[in-house]
Amino acid sequence: MWDAIVVGGGLAGWTAGIRAAQRGKKVLIVTEGVGTLYYFSGIFDYGDLESLRHLPKHPYSLFDAEAIDRGKHFIQELCPEYIETNKSQHALTVLGTARQGDLMPRSMVLPNHQEQGSFVLLVPEGLKDFFPEIVVSNLVREFPGWQVNVKRVHAENFGEWQRMGKSASGIDYAAIWRSKEGQNLLAQEIEAIKREHQGAGSRSGKIAVVLPSLVSEYFDASRTKTYVQDYSLPVIEMSSFLPSPHGRYFAEYLKHQFTDLGGELMIGARAAALNGKPMSAKQPKSCQEIIVQSMGKVLHLKAKKFILATGGLLGGGIKVGIERKLIQEDVFDLPLYVPQEWSTSQFFASQPFAQIGVETDKCLRPLDTNQGRVIWDNVHVVGRMLAHWDPWTQRCGGGVSVTSGCAAAEII
Amino acid sequence: MDVRNELTARLDACQKCNVCTAQCPVAKVNPHFPGPKGLGPDMERFRRGQFIPGETTLDDCSNCKTCEVTCPSGVKITEMILEARRAARKGPHKTMLSLKLRLRGYVLGRAEYLGKLGVLWPGMANQALKLNLVRWALDKGLAVSQKGPLPAYGRPLEVIEDKGGRAGGAFRKQVIYFPGCYTRYNEGDTGRIMIKVLEHIGYKTIVPNFHCCGLPLEANGQFDKARKNGLYNLELMRPYLEAGVPVITSCTSCGLTLKEDYPKLPAPGAQMIGAQTYDLFEFLWQLHEKRELPLDFQEVKACFGYHLPCHLKAQGIGTPALRILRLIPGVKIRNLDAGCCGLSGSYGFKAEKYDKAMKIGNPLFEAVNVGVERGDFQEMLTECGVCKVQIQHGTSIPTKHPLRILAKAYKIILE
Ligand SMILES: Cc1cc2nc3c(=O)[nH]c(=O)nc-3n(C[C@H](O)[C@H](O)[C@H](O)COP(=O)(O)OP(=O)(O)OC[C@H]3O[C@@H](n4cnc5c(N)ncnc54)[C@H](O)[C@@H]3O)c2cc1C
Ligand code: SF4
Ligand code: SF4
Numbered sequence: 001m002w003d004a005i006v007v008g009g010g011l012a013g014w015t016a017g018i019r020a021a022q023r024g025k026k027v028l029i030v031t032e033g034v035g036t037l038y039y040f041s042g043i044f045d046y047g048d049l050e051s052l053r054h055l056p057k058h059p060y061s062l063f064d065a066e067a068i069d070r071g072k073h074f075i076q077e078l079c080p081e082y083i084e085t086n087k088s089q090h091a092l093t094v095l096g097t098a099r100q101g102d103l104m105p106r107s108m109v110l111p112n113h114q115e116q117g118s119f120v121l122l123v124p125e126g127l128k129d130f131f132p133e134i135v136v137s138n139l140v141r142e143f144p145g146w147q148v149n150v151k152r153v154h155a156e157n158f159g160e161w162q163r164m165g166k167s168a169s170g171i172d173y174a175a176i177w178r179s180k181e182g183q184n185l186l187a188q189e190i191e192a193i194k195r196e197h198q199g200a201g202s203r204s205g206k207i208a209v210v211l212p213s214l215v216s217e218y219f220d221a222s223r224t225k226t227y228v229q230d231y232s233l234p235v236i237e238m239s240s241f242l243p244s245p246h247g248r249y250f251a252e253y254l255k256h257q258f259t260d261l262g263g264e265l266m267i268g269a270r271a272a273a274l275n276g277k278p279m280s281a282k283q284p285k286s287c288q289e290i291i292v293q294s295m296g297k298v299l300h301l302k303a304k305k306f307i308l309a310t311g312g313l314l315g316g317g318i319k320v321g322i323e324r325k326l327i328q329e330d331v332f333d334l335p336l337y338v339p340q341e342w343s344t345s346q347f348f349a350s351q352p353f354a355q356i357g358v359e360t361d362k363c364l365r366p367l368d369t370n371q372g373r374v375i376w377d378n379v380h381v382v383g384r385m386l387a388h389w390d391p392w393t394q395r396c397g398g399g400v401s402v403t404s405g406c407a408a409a410e411i412i
Numbered sequence: 001m002d003v004r005n006e007l008t009a010r011l012d013a014c015q016k017c018n019v020c021t022a023q024c025p026v027a028k029v030n031p032h033f034p035g036p037k038g039l040g041p042d043m044e045r046f047r048r049g050q051f052i053p054g055e056t057t058l059d060d061c062s063n064c065k066t067c068e069v070t071c072p073s074g075v076k077i078t079e080m081i082l083e084a085r086r087a088a089r090k091g092p093h094k095t096m097l098s099l100k101l102r103l104r105g106y107v108l109g110r111a112e113y114l115g116k117l118g119v120l121w122p123g124m125a126n127q128a129l130k131l132n133l134v135r136w137a138l139d140k141g142l143a144v145s146q147k148g149p150l151p152a153y154g155r156p157l158e159v160i161e162d163k164g165g166r167a168g169g170a171f172r173k174q175v176i177y178f179p180g181c182y183t184r185y186n187e188g189d190t191g192r193i194m195i196k197v198l199e200h201i202g203y204k205t206i207v208p209n210f211h212c213c214g215l216p217l218e219a220n221g222q223f224d225k226a227r228k229n230g231l232y233n234l235e236l237m238r239p240y241l242e243a244g245v246p247v248i249t250s251c252t253s254c255g256l257t258l259k260e261d262y263p264k265l266p267a268p269g270a271q272m273i274g275a276q277t278y279d280l281f282e283f284l285w286q287l288h289e290k291r292e293l294p295l296d297f298q299e300v301k302a303c304f305g306y307h308l309p310c311h312l313k314a315q316g317i318g319t320p321a322l323r324i325l326r327l328i329p330g331v332k333i334r335n336l337d338a339g340c341c342g343l344s345g346s347y348g349f350k351a352e353k354y355d356k357a358m359k360i361g362n363p364l365f366e367a368v369n370v371g372v373e374r375g376d377f378q379e380m381l382t383e384c385g386v387c388k389v390q391i392q393h394g395t396s397i398p399t400k401h402p403l404r405i406l407a408k409a410y411k412i413i414l415e
C-alpha cells in the first residue's frame, strides 16, 4: 500500500511526487508516456499572479501567496541555477526575439536593452530547425545598441551526420555541450572570440556569446561526471524549442531525484479506472485502488491518496470522441467543466476549450459541477487537468503545475 | 471499444512531436537510422502505398521499446516497425550481403540450438569462444563482432516434469517456470536458485521442455519459426493455464514476449497467458500484498546499483525487484535508470553494430562507474542476462540477478 499514487508523469505529477517523497511519503508515479515537459522552453511561466489570483475560479485563486512561493522555492532548491528578480527578466527565443519569463536559469537572462556591447551568435553546424539569419535580424532589431556577429562551430561528433546532409537535433547538441570534449571545444571557440575582439579593438567592452540550448542546469552528479568549465566570456543560452533539450534533461533530472528519494516510477502503464465507495450516504466517496493496464494484465494498486496529474487534452487525460460528441475525464470519470462555445474564431484570442478541466475545492478535491459537492475525499487534481485557465494567453503553465503539485503533496 | 484505444490503433494518433526519436538510443549514435518516428508512423504511410524500406535499415532498430514507453500519445511504434520487417523479409532485397546477414540471423536467432551445443561441451565451447581465431572467423564469416561479450555456457537447467498427475491437482501451490534460453543454457544456476526460493516460499516448480520464446528469432528475422515456437510453448502451458497456474519468468525479454506477443497467437491459451504471466518479483510482490510472502530474512549488509532492463520497463509494472529487496534488512539499492545497455539481445554481437552498442551503453557505464567511485555501491543488479554481460563488459563491475540477494537473505545460498 502506497501513501500516494500519482497518475501522470508531467511537470505537475513529478512536482507532487518529489515533494511528497521529500516529506518521507511512499509514492508511486504511474504514467503512460513522458508528458508535455518535452516541449518545455526551460522557463517557468507564472503570469501576472496578482490579477490571475483574483480571476474567479482560476487555479491560482485556490492558493494563498505562501503556497505559490513554496512552489517557487521547491524549484529553486532542486535547481539552484533558477533565479527570479523584482524587475521583469527576458530570455531569447529560438528565433532571437526576447520573451518574458518569471523563473529562469541565470544563463538565460538577457542584459539590459539600454546597455551597449556586442553579441556573438555561435551557430552549431547542422542544428535542426535553427535559422541564424532570422536570429540575427531579430537580435539587431531588439538590441539597437548592440553589434551582432556570427561564428560557426563544428562538432566532429556530428561529422558523419553532416556528410550525409542530415541535421542534428537540439537534444543531440545539448549532449555534446554537457560532455568534456564539448565543453573544451566551446572553451576554445570562446577564447578565440575574445582574442579576435581584443585584437580588433572592438567598439565597446562588453561581449556576450549567444548559444542555442546549452542546458547546464540539470546535472546529476550521482550519475554523470561533471565538468565545470569557466568560459572566458559570458554565455547567454537561448530557450529551448521542440523537442526540447531543457525539457528532456529536466525530466531525467526529476526522475532521478524522485527515485533517489525512494519513489517508484511505473512507466508504460495506463490508469484506466478506480474503485471506491462512499463512507456514508452524505459524505464523499473514498478511493481504495486504481486499475492500471500493464502489458498483458490489469493491476489493482492501492493507496491512501491519489493525485490526478494526467494533463488535460494535450496530456491525454481528457478524451474527446468523434465530432466532440463525447468528452470525458479518462481515469476517474470526473465531471468536467466544458464551456458552451468550444473555440472562438480569433486564433490568438483566449480559446474557451483551454478552460476545460476539473473544478475543485481548495484542497484540490474534485467537485460535482452542478451542486459543488466534493466527489472523492482522497483524490486531488493538479496541473493542466484543472479547469478555468489558459496557459497560452495567461502564460502561467509552469506556475499552475508547480504550485498545485506542491500544494497537493503537502496534504498527503 | 475505448475511444482512445481506437485512436491509438490508428497512426493518426502520432502528433509528429519527435520525442520518440529524441529518446531512441540507436538514432543518437547512428545517423543512417531514420529513428522510430521515421520508421514507424511516418513510413507506415509509405508502406500503405507499398514502399518498403531495405531490411538492413529496419534491422538497425534494436527493439528496445524506449520509443514506445516515451511516446506521449501511446502510438504502437515498435509494432509498426516489426510489421515492416515482416514485409521486408518478403521484399526484393536479396543481395550477397544480406545472404551473409541472414545466415548470421539464423545463428544468433537460434540461441536455443547454440545453447544446446554449448552445454554439451561447455568447457570446449567456452574455450573456443575465447580463441581469437574462432572470434575472427565468426566476425569475417558471419559478421558476429570479435569484441562483443558473447556469454559463456554452464551446466544447463534441468527440465522438471510434472509428476503430480493432473495440472493443478496434487499441489495447490505450483508454478510453471519459463526459464528462457539464457538461464537454461548460460546460467542454469540462476534457475536452480529460483526453484529453491520458490520452494522456500511454498511453491512447487514445474519446468516443461519449452523451446526458445521466439524473441531472438524475431529480432533476427525468423518470423515463421518464432511463431511456431510460440504455438508449441503455449500448447505446453495450456493445461496449467486452464487450471489457473501462474507462469513465472526470470528473463525480462521472455516475460515481455509472453505478455505482449503470445496473446496475439491463434491458440487456446492465448487469452490467458498475458494475465497469468509474472515476472518473478512481480509474482513475489503480489504474494507480499496478500501477506503470503515469508519475511524470514537474514540481514544482508550491502549496497547495490540497479539497472532496469528495457524489456522490464516496457512491461509497465515498475520495479518490483526493488520493492522486494528493500524489505530485506541492510540492503540499500539505487535505481540508476540511465538508459539502454546497448546490447539488446543479440544486437550488440553483430559486427557492424558493436561500436554503436557500446556508445549506446555509455551513459549507463558512466552512471555505474560514478556510483562506484563515489562509494554508493560496489556491485550491480539487473534481471536481464545480456544486460548483465554488457554492464560487466563495459565497466568490469560485478553484476548479478537480484534473485541472488533474495536467496542469500533466505539463507539458500551463501554468496
Ligand atoms: C507545447 C507546450 C509548451 C509549453 N512550454 C511551457 C514553458 O516553456 N513554460 C511553462 O511554464 N509552461 C509551458 N507549458 C505549459 C506547462 O508545461 C503545462 O501546463 C504543464 O506541463 C502541464 O503539466 P501536467 O503535468 O499537468 O500535464 P502533462 O505534462 O500533459 O502530463 C500528463 C501526463 O499524464 C500521463 N497520462 C495521461 N493520461 C494517463 C493515464 N490514464 N494513465 C497514466 N498516465 C496518463 C501522460 O502520459 C503524461 O505523462 C507548455 C505546454 C505546452 C503544451
Ligand atoms: S510516435 Fe509518439 S513520440 Fe513519436 S512523433 Fe509520434 S506522437 Fe511523437
Ligand atoms: S525500439 Fe528502441 S531502437 Fe527501435 S526505434 Fe524504438 S527506441 Fe529506437
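Line order of the protein sequences matches chains U and G.
Letter by letter, the first sequence follows residues 1 to 412 of UniProt numbering.
Letter by letter, the second sequence follows residues 1 to 415 of UniProt numbering.
All C-beta atoms in this analysis are idealised placements derived from N, C-alpha and C, irrespective of residue type, glycine included.
Grab the span of the beta strand (DSSP E) containing residue i for me, first residue to last.
i: residue 414(U); result: Absent from the model: residue 414(U). The displayed extent of chain U is 1 to 412, so no value can be given.
i: Leu185(U); result: Run containing Leu185(U): none in the beta strand (DSSP E); it sits in the alpha helix (DSSP H), Lys180 to Ala200.
i: Val358(U); result: That residue, Val358(U), is in no beta strand (DSSP E); it is neither H nor E in DSSP.
i: His300(U); result: Lys297 to Leu308
i: Glu329(U); result: Ile327 to Glu329
Can you tell me where the alpha helix (DSSP H) holding residue i begins and where it ends?
i: Asn30(G); result: Note, Asn30(G): premise wrong, no alpha helix (DSSP H); not H, not E.
i: Trp177(U); result: Gly170 to Trp177
i: Phe281(G); result: Leu280 to Glu289
i: Arg89(G); result: Ile77 to Arg89
Would you grab the beta carbon distance between residue i and residue j for me? Rounded to a whole angstrom, and I think it's under 8 Å.
i: His58(U); j: Leu49(U); result: His58(U) to Leu49(U), Cβ: 10 Å. No contact.
i: Ile236(U); j: Met108(U); result: 7 Å
i: Asn209(G); j: Pro243(U); result: Not a contact, Cβ separation roughly 47 Å.
i: Gly202(G); j: Lys173(G); result: 5 Å
i: Glu292(G); j: Pro329(G); result: In fact, because the Cβ distance is near 20 Å, the residues do not count as touching under 8 Å.
i: Ala272(U); j: Met1(U); result: The Cβ separation is near 20 Å, so there is no contact.
i: Ala16(U); j: Val382(U); result: 6 Å
i: Leu121(U); j: Val150(U); result: 5 Å
i: Thr319(G); j: Cys251(G); result: 16 Å between Cβ atoms; not a contact.
Under 7 Å: does the beta carbon of residue i sit that close to some heavy atom of ligand 1?
i: Gly339(G); result: no
i: Pro56(U); result: no
i: Phe7(U); result: Reading off the sequence shown, one finds Val at residue 7(U), where the question assumed Phe. Val7(U) Cβ: within cutoff of ligand 1.
i: Ile43(U); result: yes
i: Pro144(U); result: no
With respect to 7 Å, is the separation between the Cβ of residue i and the closest non-hydrogen atom of ligand 2 below this value?
i: Asn37(G); result: Note on residue identity: the sequence assigns Lys, not Asn, to residue 37(G). Yes.
i: Ser244(U); result: no
i: Gln390(G); result: no
Within the present structure, is the beta-carbon of residue i separated from the nearest heavy atom of ligand 3 by less than 7 Å?
i: Ala219(G); result: no
i: Cys71(G); result: no
i: Cys64(G); result: yes
i: Ile171(U); result: no
i: Val29(G); result: no
Let me check one thing: in DSSP terms, what residues is residue i bridge-paired to?
i: Pro366(U); result: Thr360(U)
i: Leu386(U); result: Val358(U)
i: Cys287(U); result: Gly276(U)
i: Val6(U); result: Ile29(U) and Ile307(U)
i: Ser294(U); result: Lys297(U)
Using 8 Å as the Cβ pair cut-off and three pairs as the minimum, do the stretch 260–270 of chain G and the stretch 227–239 of chain G touch?
yes
Handout entry: Contact between the stretch 1–8 of chain U and the stretch 349–367 of chain U (3+ Cβ pairs under 8 Å)
Key = no
| task | State whether the stretch 248–260 of chain G contacts the stretch 286–306 of chain U, with contact taken as three or more CB pairs (one from each stretch) at a distance under 8 Å. | result | yes
*Contact between the stretch 271–291 of chain U and the stretch 301–309 of chain G (3+ Cβ pairs under 8 Å)*: no
Q. Is the number of C-beta pairs between the stretch 396–411 of chain U and the stretch 36–44 of chain U that are closer than 8 Å three or more?
A. yes
On the three-pair Cβ rule with 8 Å, is the stretch 165–172 of chain U touching the stretch 143–152 of chain U? no
Worksheet item: Is the stretch 318–337 of chain G touching the stretch 64–83 of chain G, taking contact as three or more C-beta pairs under 8 Å?
Response: no
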